[in-house]
Structure formats: structure tokens, C-alpha cells
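Have a look at the structure below before the remarks.
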Amino acid sequence: MVTVEEATHVVLSHLFKPTVTKVDLNDAVGRVLAEAVKADRDFPPFNRVAMDGIAIWYDEWKNGKREFYIEETQGAGQPQKSLKDVQNCMEVMTGAILPEGTDTVIRYEDVSIQGNVATLLVDTIEEGQNIHVQGQDAERNDTLLSPGIILSPAEIALLASVGIIDVPVFSFPRTAIISSGDELIEVTEVPELHQIRRSNTYAIDAAMKMIGWQSTQYHIYDQKDFVIDSLKVIAEDHDVLIVSGGVSKGKFDFIPEALESINVKKLFHQVSQRPGKPFWFGESKKGKIVFALPGNPVSTYMCFYRYILPWIWKSLHVKKEEQYAVLAKDFTFQPKLTYFLQVTIKNEGGRLMAYPDAGGGSGDFANLKNVTGFLELPLEQSIFKAGEVFPYYSFR
Ligand SMILES: Nc1nc2c(c(=O)[nH]1)N[C@H]1C(S)=C(S)[C@@H](COP(=O)(O)OP(=O)(O)OC[C@H]3O[C@@H](n4cnc5c(N)ncnc54)[C@H](O)[C@@H]3O)O[C@H]1N2
Ligand code: MOO
Ligand SMILES: [Mg+2]
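Structure below.
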């Protein structure tokens with residue numbers, strides 16, 4: 001048996017090496033950027049007029065000039081124009097390149113225009129005002145985005161602006177989610193009294209889909225040879241196997257043995273945690289990773305969030321901050337195990353308060369809909385006081 005810390009260390013030392021693939025910019029949100037992106041031009045690429053109005057040469061105003069003859073208009077999308085006489089002005093529109101021979105923009109609200117003459121209505125202006133200066137936000141060749149960023153709408157805008165339509169992203173591993181157990185039937189079937197519809201693989205698949213990770217689902221029955229043959233075949237076509245069930249002490253819990261018989265080396269079996277103690281983890285000679293999660297639905301679910309999610313993020317070079325929350329009510333847990341306490345998070349005055357809602361054990365997956373995640377309560381402690389801060393893992 002290993003501790004949660006040891007298990008975490010082992011899991012995070014056996015990462016998947018992602019390949020780089022290209023996705024269309026329109027499909028890239030939520031994906032993980034695989035290469036650095038540099039500015040192809042300055043940001044902004046020219047001195048950009050930031051207000052609709054007139055552009056003047058500031059020194060003229062400084063020398064007392066308040067009325068300016070309007071030479072012409074510089075619109076957005078027009079090549080740069082030139083002020084012929086510094087005593088004059090040019091009408092300018094937001095988004096236009098600042099005309100040559102001008103250095104200051106005055107808003108329409110601050111001038112009165114009669115015929116071709118603009119007269120200032122304000123007493124003070126500042127040199128260079130209302131201009132978004134070339135290179136102010138970033139310079140050409142500056143690194144705008146680094147690999148390992150999860151692309152949000154903000155990054156999509158940057159990619160668009162530098163002309164990247166085929167976005168290099170890390171690909172997820174080819175992943176199989178495998179349920180095991182003779183009691184489990186298809187969602188579409190009507191169960192006999194002793195049967196239940198399988199739900200774990202759907203939950204895991206859904207959790208994966210939320211981050212853009214696709215998988216294929218399989219089911220295997222509790223016959224040893226069938227388990228061995230099935231796992232062998234499935235392992236051929238996948239980089240990662242996530243198995244649910246069949247890893248404990250039961251007569252029909254063949255998964256660990258079957259995995260070792262197909263040369264998946266056990267890296268640990270059993271973690272001093274609740275739920276999810278029978279968790280088995282291994283790697284094949286070909287570098288295929290196997291997470292064999294305990295079948296109780298809450299165990300499967302929590303092990304996914306506690307181990308597999310951090311594992312995939314680290315594999316894809318994504319840096320995720322650890323989250324913490326404040327226990328909102330006293331709680332006691334005596335066994336010498338790390339306890340994953342289901343909680344509902346409420347933001348109270350900027351503090352994340354975690355309200356315990358432990359549910360009815362690791363078979364009670366109906367409780368998962370009531371909570372937002374879990375607190376990790378350390379093994380060496382058994383009395384947990386309101387106000388103490390613990391690592392928080394979110395389901396949402
Ligand atoms: N003698 C012992 N018995 C058990 C121990 C132990 O240490 N000694 N550990 C218990 C713990 S903790 C857990 S967790 C379970 C883990 O069992 P398995 O991984 O072998 O899982 P199964 O036996 O196949 O199933 C357990 C339970 O979960 C239900 N299940 C499984 N898969 C699904 C699914 N896809 N959808 C919905 N429900 C599923 C299954 O029907 C069982 O009720 O072992 C304890 N026993
Ligand atoms: O881990 Mo078992 O996970 O308590 O049911
Ligand atoms: Mg079992």
C-alpha cells in the first residue's frame with residue numbers, strides 16, 4: 001500500500017508524451033497550445049487613432065493656436081495621409097493610422113466644426129493624447145503565447161491577429177475506458193433484479209469530453225481468459241487504459257492479474273485513501289499507461305479527478321495551480337487514511353468555504369450531483385476544525 005503522496009508522485013512520473021497536431025482556429029478553444037506564438041508585427045502595428053475627432057501638431061496648440069483648418073479626412077483602412085501644413089488639422093477616425101505630421105488627437109466632443117474649420121472647446125490637451133502607440137502592447141517577435149496554455153477566447157483573438165489558422169495543439173492520448181463486471185448491462189437494457197446499468201464509463205467519458213479528451217468505451221465480463229484477451233486487444237490500439245472495477249479482493253476481480261499477465265507492470269496497488277483504496281496503476285513495456293480504478297462509482301469518479309486529470313494536464317505541459325478551500329464545519333474521520341470529503345463550495349466574501357456533504361459511501365453516486373468537489377483531508381489527522389484550509393479538487 002502506498003500513500004496518496006507516493007501514488008501522486010508515481011503517477012506524475014509516468015507521463016504520456018503528446019504529439020503535436022493542427023486544428024482549425026475555429027475549433028481550437030479549450031485545446032492546449034503546443035508551440036510558442038510570436039508577434040508577427042508590433043501591437044498595435046501603427047500609431048492607431050483611438051478616438052474619432054481631429055489630429056493636430058501639438059506644438060501649434062502650445063503656441064496658442066485654437067482654430068484649425070481641416071485639410072481632409074483619414075479613415076480606418078485608408079493608407080496613411082500626410083498633413084500638408086502643420087497649422088492645419090485632419091479629421092481622423094478610430095482605428096485609422098495617425099496621419100503623418102500630426103501627433104495629438106482631439107475628440108469631436110471637444111471641438112466645434114464650422115465649415116472647414118475646427119475650433120477647440122477645451123482649455124487643456126495633452127501631447128500625444130488619444131493615440132494607441134505602435135508597439136505599446138507588444139513588439140514584433142515578442143512571445144505572445146507559450147506552449148502549455150489552454151486556449152481561451154483571449155488567446156484565440158491573438159492567434160487570429162497573427163494570422164494562424166492552423167493552430168498547433170497537443171493531442172490527447174488514444175484512450176480506452178473499460179468497465180468490468182457481470183452485473184453491468186447497457187444503458188438501453190432493462191435490468192434484472194441483480195443487475196445494474198453501467199454508469200462509471202459514461203461519467204469518466206463525460207469528464208474527459210469537458211476538456212476535449214475523446215475516448216472509446218468497452219465492457220468486459222468477469223471471466224479470466226476473456227479479461228486477459230480483451231485487455232490485450234484493447235491495449236494494442238490505445239495509449240491509455242482507464243479500467244473501472246475488478247481491482248479489489250473479490251473472487252472475480254481479475255484485473256490486476258490480467259494486466260500483469262499481458263506485461264503491464266504494476267507500479268502500485270492500493271492507496272491509503274478513502275474512497276478508492278484498491279486503485280491499481282501500471283505501465284506496459286511499450287509505455288502504455290493503465291489506471292485501474294476501483295469500481296464503486298464514487299471511487300472511480302474521485303480517482304479520475306484526483307489522479308488522472310492532474311496527470312493529463314502535466315502530460316500536456318499545462319501548469320495548473322493547486323486549489324484550496326476552507327472547511328466550513330467541523331468534521332471527524334478516524335481511520336488512518338487520507339479522506340476525500342465531498343463538499344459544496346460557497347464563495348463567502350471572497351473566501352472559498354467548503355461545506356461537507358459526505359454522502360452515503362462510495363456506492364452513493366447520487367450524492368455527487370449535490371456537491372462541487374472534495375477536500376483532501378490528511379491521513380495523520382482525524383479531527384478537522386472549521387476554518388482549517390485543505391486542498392480542494394473541483395468536479396465542475
Ligand atoms: N474484502 C474486501 N472487499 C472489498 C475491499 C477490500 O479492501 N476488501 N475494498 C472495497 C472497496 S474500497 C472498493 S472501492 C471496492 C472496489 O471493487 P472493485 O474495483 O473490485 O469493483 P467491482 O467489485 O467490480 O465493483 C464494485 C461496485 O461498483 C459497481 N460498479 C462497478 N463498475 C460499475 C460501473 N461501470 N457502473 C456502475 N457501477 C459499477 C459494482 O456493481 C459494485 O457494486 O471493493 C470493495 N470490496
Ligand atoms: O474505496 Mo472503496 O472506494 O471505499 O468503496
Ligand atoms: Mg470487486
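Numbering follows the UniProt record's numbering, in which position 118 of the sequence shown is assigned residue number 118; successive positions increment by one, without gaps. Cβ atoms here follow ideal geometry from the backbone N, Cα and C, with glycine treated the same way.
Apply the 10 Å Cβ neighbour rule to residue i and answer buried if 16 or more other Cβ atoms are within range, or exposed otherwise.
i	result
R140	exposed
S230	buried
L120	buried
D253	buried
M208	buried
G181	buried
P278	buried
S146	exposed
K288	buried
L193	exposed
T175	buried
A36	exposed
G301	Checking the sequence, you will find Tyr at residue 301 rather than Gly. Per the 10 Å Cβ criterion, buried.
V122	exposed
N200	buried
R351	exposed
Y69	exposed
Using a Cβ-Cβ cutoff of less than 8 Å, which residues in the same chain neighbour residue i once the five nearest sequence positions on both sides are dropped?
i	result
L12	P310, W311, K314
G163	D40
T372	V343, T344, I345, S394, F395, R396
K224	F254, E257, A258
L83	A55, W57, E71, C89, M90, P99, E100, G101, T102
L15	W311, K314, S315
G128	Y58, D103, T104
Check the DSSP bridge columns for residue i and list the partner residues they point to.
i	result
Y218	I178
H269	W280
N347	L352
A34	Answer is none; A34 lacks a bridge partner.
D24	D166
M90	A55
I150	V32
E236	In the DSSP output, where bridge partners are listed per residue, E236 has none listed.
residue 400	Outside the shown range of the chain (1 to 396) lies residue 400, about which nothing can therefore be said.
P391	Y324
T332	I383
A138	F43
Does the CB of residue i have a neighbour CB from chain C at under 9 Å?
i	result
P275	You won't find chain C in this structure, because it holds only one protein chain.
Give me the Cα-Cα distance between residue i and residue j, rounded to the nearest whole angstrom.
i	j	result
D24	Q80	34 Å
S171	I150	12 Å
F46	I242	52 Å
T332	I383	5 Å
T21	V32	10 Å
I262	I228	7 Å
V167	P173	18 Å
I211	V29	10 Å
E388	Y324	10 Å
V187	S215	18 Å
G75	A96	5 Å
K17	I165	25 Å
V10	D237	24 Å
V169	N26	13 Å
V298	P153	33 Å
I178	P294	12 Å
L375	E348	17 Å
G246	A292	8 Å
L368	Q381	25 Å
D42	S161	11 Å
I220	V290	15 Å
Y307	T8	7 Å
M353	A118	59 Å
I204	F304	7 Å
V4	K249	20 Å
Residues in the same chain with beta-carbon distance under 7 Å from residue i, minus the five sequence neighbours each way, listed in chain order, please.
i	result
M51	T94, V105, R107, N130
V318	V32, G148, I150
Q195	E183, I185
N296	P275, S362, G363
A235	L241, I262, S284, K288
E322	P391
L341	F331, P356, A358, F374, L375, L377
E78	According to the sequence as given, residue 78 is Gln; it is not Glu. If we look at Q78 and ignore the five residues flanking it on each side, its Cβ neighbours are A96.
Looking only at its chain, what residues have a beta carbon closer than 6 Å to the beta carbon of residue i, apart from the 5 residues adjacent to it on each side?
i	result
T73	E91
R198	S179, L184
E6	none
Please confirm whether any heavy atom of ligand 4 lies closer than 8 Å to the CB of residue i.
i	result
E183	For ligand 4, the structure offers nothing, since it holds only ligand 1, ligand 2 and ligand 3.
message: Using only Cβ atoms and a threshold of 5 Å, which residues come within that distance of a heavy atom of ligand 3? Order them by chain position.
response: S248, G250, D253
query: Where the beta carbon is closer than 6 Å to any heavy atom of ligand 2, which residues qualify, in chain order?
result: R274, P275, G276, K277, P294, N296, S299, S362
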